[in-house]
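The block underneath contains the structure these notes are about, expressed in structure tokens.
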Amino acid sequence: MVSTSSRRTMLLGSVGALATAALAACSSTTPPTAADTPSPPVPGGTLGLGIVGLIVADIPRSLEFYRRLGLAVPADVDTSGGAVRFRMPNDTIFVWETVEYTQAGFDSTYQPTGTGNGDRKVTLEFGFRNADEVTAKHDELVAAGAVSYQAPITWSGGDIRFAMVVDPDENKVGLRWPLAS
């Protein structure tokens, strides 16, 4: 049995570690919010997001878009099998699968949805080092043929820069500085 004193020490240590992580993640003087504070796993709950998967019509076309966005997917990646997996620097795995791959391997009744205006079920947000990079990346993607869903805007008195484009498979892709805000 753990004593009350030991439980209190463990709790304070956990709170201190969370507070330190939250403060390190924040570069402003704004107090951290619940969204800024890493939470320990809930017993029986998730450990966090590990894989982001997109079902796409054309893997090479989609990879071109995400490379232009800034993902370092190798140019020689094999797309012939209908699926590509890429581990991002934060260890999240990004997966692209074709409709046919999904139908053959997981759900034979799957049918893609979308209306051509970014009206899909997935929205992704990618962080950038500063506000100018958000604008530059938005403009670069639009110049390369992406649809602008939200032109670059500044919120919260200049503390947040945000834009959104639509990828080749109609998923909304947010461009944001800072990422966690």
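Read in order, the letters of the sequence shown correspond to residues -24 to -1, 1 to 157 in mature numbering (1 follows the signal peptide of the UniProt record, and there is no 0). Heads up, the beta-carbon is just placed ideally off N, CA and C, and yes, glycines get one too.
With DSSP run on the structure shown, which of helix, strand or coil describes residue i?
i	result
LEU155	coil
VAL110	helix
VAL118	helix
GLY26	coil
Using the Cα positions of residue i and residue j, report the straight-line distance between them to the nearest angstrom.
i	j	result
THR6	ARG152	The pLDDT assigned to THR6 is 48, lower than 50, so where the model puts this residue is not dependable, and the model offers no usable value.
VAL75	GLY133	43 Å
ILE35	GLN126	25 Å
LEU117	LEU25	26 Å
GLU101	ILE129	15 Å
ILE27	GLY121	27 Å
ILE31	PHE41	14 Å
VAL110	THR78	33 Å
LEU47	SER84	30 Å
THR57	ALA33	The question names Thr, but residue 57 is Gly in the sequence shown. Spanning the two alpha carbons is a distance of roughly 13 Å.
Between which residues of its own chain and residue i is the CB-CB distance below 6 Å, once the five residues before and five after are set aside?
i	result
GLY150	GLU101 and MET140
VAL49	LEU39, ARG43 and PHE62
Grab me the residues of residue i's own chain with a C-beta within less than 8 Å of its C-beta, minus the 5 sequence neighbours each way, in chain order.
i	result
ALA119	none
Ignore the nearest five residues each way along the sequence and tell me which others in residue i's own chain have a CB closer than 7 Å to its CB.
i	result
GLY103	ARG152, TRP153, PRO154 and LEU155
Segments assigned beta strand (DSSP E), at least 3 residues, entirely inside the stretch 35 to 90:
Counting whole runs of 3 or more residues, the stretch 35 to 90 contains the beta strand (DSSP E) stretches 59 to 63 and 69 to 74.
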